[in-house]
Every structure is written in structure tokens, then in C-alpha cells.
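Structure first, commentary second.
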Amino acid sequence: MSGIEAAGSKRLVLVSGRAHPALAEEIAREVGSELVPTDARTFANGEIYARFDESIRGADAFVIQSHTSPINEWLMEQLIMIDALKRASAKRITVVAPFYPYARQDKKGRGREPISARLVADLFKTAGADRIMSIDLHAAQIQGFFDGPVDHLFAMPVLLSEFKETLDPSTLTVVSPDMGRVRVADIWSDKLGAPLAIIHKRRDPLVPNQVSVHEIVGEVAGRVCLLVDDLIDTGRTIVKAAEALKDAGAIGVVVAATHAVFSDPAVEILQSDFIDRVVVTDTLPVPEEKRWDRLTVLSIAPLLARAITEVFEDGSVTSMFDGAA
Ligand code: R5P
Numbered sequence: 033m034s035g036i037e038a039a040g041s042k043r044l045v046l047v048s049g050r051a052h053p054a055l056a057e058e059i060a061r062e063v064g065s066e067l068v069p070t071d072a073r074t075f076a077n078g079e080i081y082a083r084f085d086e087s088i089r090g091a092d093a094f095v096i097q098s099h100t101s102p103i104n105e106w107l108m109e110q111l112i113m114i115d116a117l118k119r120a121s122a123k124r125i126t127v128v129a130p131f132y133p134y135a136r137q138d139k140k141g142r143g144r145e146p147i148s149a150r151l152v153a154d155l156f157k158t159a160g161a162d163r164i165m166s167i168d169l170h171a172a173q174i175q176g177f178f179d180g181p182v183d184h185l186f187a188m189p190v191l192l193s194e195f196k197e198t199l200d201p202s203t204l205t206v207v208s209p210d211m212g213r214v215r216v217a218d219i220w221s222d223k224l225g226a227p228l229a230i231i232h233k234r235r236d237p238l239v240p241n242q243v244s245v246h247e248i249v250g251e252v253a254g255r256v257c258l259l260v261d262d263l264i265d266t267g268r269t270i271v272k273a274a275e276a277l278k279d280a281g282a283i284g285v286v287v288a289a290t291h292a293v294f295s296d297p298a299v300e301i302l303q304s305d306f307i308d309r310v311v312v313t314d315t316l317p318v319p320e321e322k323r324w325d326r327l328t329v330l331s332i333a334p335l336l337a338r339a340i341t342e343v344f345e346d347g348s349v350t351s352m353f354d355g356a357a
């Protein structure tokens, strides 16, 4: 039987949807366990089915899914798996959603808009989830949408490991590509001992994914700029920011982002001459055809595995971040 038996009757069980099997398998390896064999399929009309091939009764179950495209299908699959776990008498169910689906729809910006991130939290709850684990939520207050514990993890230690050795704080400026990222960029600037700059970005509310840069606040001329963002979707935010930074005299632009959504035309435009290097994690799958020589993809599995172990053993997730939270 898959899983780890703890003293007493505790049993850790890992199950995974079909969106990003490589990540789920690596998490299981890091935890020292195996994924429960699962029969997950899609019927001809698009309906999804999932059944676990082993008993789940009494288990502390973690249901892993990566919300890549087609995001609605993978969300639905995860909900169905939660339902199956609940009906199979799992003792506790934790949603592991490294990239929280619909996180950008976290408030009403204009009248008659939905708050879809809240809806997703309600769906997880209704399906039977007891807790959620996610990484670099677009807005930390999404935690409050879910009526239960949310383990909000940070990819910063993973991304930082890639930069600490290579960037010189005396010539480095950490840059937030918009107002929403300022708090996170500020933590990066503290950690690296480098000053902070902020870009004032505008979006056209009527055209999705269109951005323009209005102003840069902070010293960037003659400096290497490290742009930090939670996600790169079409890449327009980052490329426009990089272009503005180079125009303002930056001598280099490197990018660190947690979630590589990489919708078209991200892969094409991120290879622009304005950007020297892009570093992301694999919270979402990054297939070979979406990789290029100046892109580094770091494994997020050790971080998730450690958090899962801490939750299972009633340890501390906060202690993993050394005050970064
Ligand atoms: C914005 O608030 C986010 O932090 C990202 O900067 C944005 O969603 C990325 O989208 P895109 O890559 O399409 O500009």
C-alpha cells in the first residue's frame, strides 16, 4: 500500500491529477512516498472520472494538481478527486495547488465583475477540502477566501539560490514590475541588500493582457535590474518593464518569476534583447518547446515536499521561510 504509516494510525497519502505528473512524482520521491495509483480519465463528452486503486480510509490525503492550460479541466479534475477522497473516508484532505487558479480575479475592479478566486475557494470547500497549500498567491488575502487553514508558501528561497552567487548587490536594483508586487520585491531587496525600484504599469481594462509602462520610481541607470513577479502569462508585463528599464539606462535585466504560465506569445517575446535571463520554477509544466537557452527552470518539488511533511507531522511551515513570510 502506498503512503507512510506514522506512529499511531496516521497515514500520509499523495494523489495527483493528470496535469503535471512529473512534479507530483518528484514531490512523492522527496517525501519518501509514492503516488496512489489512480484511474483518471476523460469521457468522449468531456466528463472526467477518477477512482483511487487503494483504500484511502482514515488517510491524511494531499491532492496535487497543477493548474496549467486547460485550466478549467484540471480544476474540475481536482474537485472530482477531492469528492472521491471525501467519499472514500479520507480523514483530512489538503488541496495542493502550487499555482492557485483564477488568483488574478481576486476583487471587483469594476461593477458586475466576478471574484473568481473566491469562487474557486468555495468550490474546493464544497468538494470536501479541509485545507489548501499554494505558492506565491497573487494576493496574500486570497487566504481569507477559504474557510480553513491555507499554507501560503514562498518560492523566494528557491529562486534566490539561483541569484545570490551571481549578482553583485552593489550594482543591483530589485524592481517590482507593478504596484501589486511591491511588498514581495521589498523582501527580495532586503534579502539581497539591494535598493528597490517600482514600475508604474497601466492596463487597458477593456483589453486583456495589454500593458503599458508609465513611470519608473528608483535608481536603475547603470545598474543590473532584477525584475521579480509572481507569474509570467503572455510576457507583456515583463518585456515592457525590461524595455523601459533598458531605455532608462539599466545595464542588464534579469527576471525571477514563480509561475511560468507562458501563454502565447510569451516564449517568443521573452527572448527579446532587453532581457538577459529568465528564472522560473516548475509549479506549472514547462515543455521543451517552451524553453530557450536564457531560461532556467528550477524544481519546486523539494519545497512542496517539505511543506507537506511539516503539515503531516504537525510541524511548522512558517519555520521554512526564516522570517520571509
Ligand atoms: C500582474 O498583476 C501579475 O503579477 C503579472 O505581472 C501579470 O499577470 C503577468 O501577465 P502578462 O505576462 O500577460 O503581462
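Position in the sequence shown (first residue = 1) + 32 = this note's numbering.
For glycine and all other residues, C-beta sits at the position ideal for the given N, C-alpha and C.
Remember, predicted model here, so these are calculated numbers, not experimental data.
query                                                                                                                           : result
Secondary structure, alpha helix (DSSP H): runs of 4+ residues fully inside the stretch 101-129                                 : 103-119
First and last residue of the uninterrupted alpha helix (DSSP H) at residue 278                                                 : 268-279
Touching by the beta-carbon criterion (3+ pairs, under 8 angstroms), the stretch 235-247 and the stretch 187-196                : no
Which of helix, strand or coil DSSP assigns to residue 335                                                                      : helix
Cα-Cα separation between residue 309 and residue 171, rounded to whole angstroms                                                : 26 angstroms
The stretch 205-219 touching the stretch 266-285, judged by at least three CB pairs closer than 8 angstroms                     : yes
As assigned by DSSP and simplified to three states, the class of residue 233                                                    : strand
Anticipated Cβ contact below 8 angstroms, residue 260 with residue 326, distance rounded                                        : No, residue 260 and residue 326 are not in contact; Cβ-Cβ is about 17 angstroms, not under 8 angstroms.
Alpha carbon of residue 305 to alpha carbon of residue 274, nearest angstrom                                                    : 9 angstroms
At least three beta-carbon pairs within less than 8 angstroms, the stretch 60-71 to the stretch 139-146                         : no
Separation of residue 228 from residue 100, as counted between CA atoms                                                         : 31 angstroms
Start and end residues, beta strand (DSSP E) containing residue 287                                                             : 284-292
Residue nearest to residue 201 in terms of C-alpha spacing, selected from 148, 216 and 220                                      : 220
Assigned secondary structure, residue 353 (DSSP; H/G/I helix, E/B strand, else coil)                                            : helix
Residue burial classification, residue 196 (beta-carbon count within 10 angstroms, cutoff 16)                                   : exposed
Option nearest residue 216 by Cα separation, candidates 41, 288 and 122                                                         : 288
Identity of the residues DSSP links to residue 247 by a beta bridge                                                             : 232
The stretch 71-78 / the stretch 120-140 touching (three or more Cβ pairs under 8 angstroms)                                     : no
Residue environment, residue 52, which counts as buried when at least 16 other CB atoms sit within 10 Å                         : buried
Inter-stretch contact (C-beta, 8 angstroms, three-pair minimum) for the stretch 164-181 and the stretch 294-302                 : no
Where residue 316 falls: helix, strand or coil (DSSP)                                                                           : coil
Close-in-space but distant-in-sequence residues of the same chain around residue 328 (CB under 6 angstroms, 5 per side omitted) : 311
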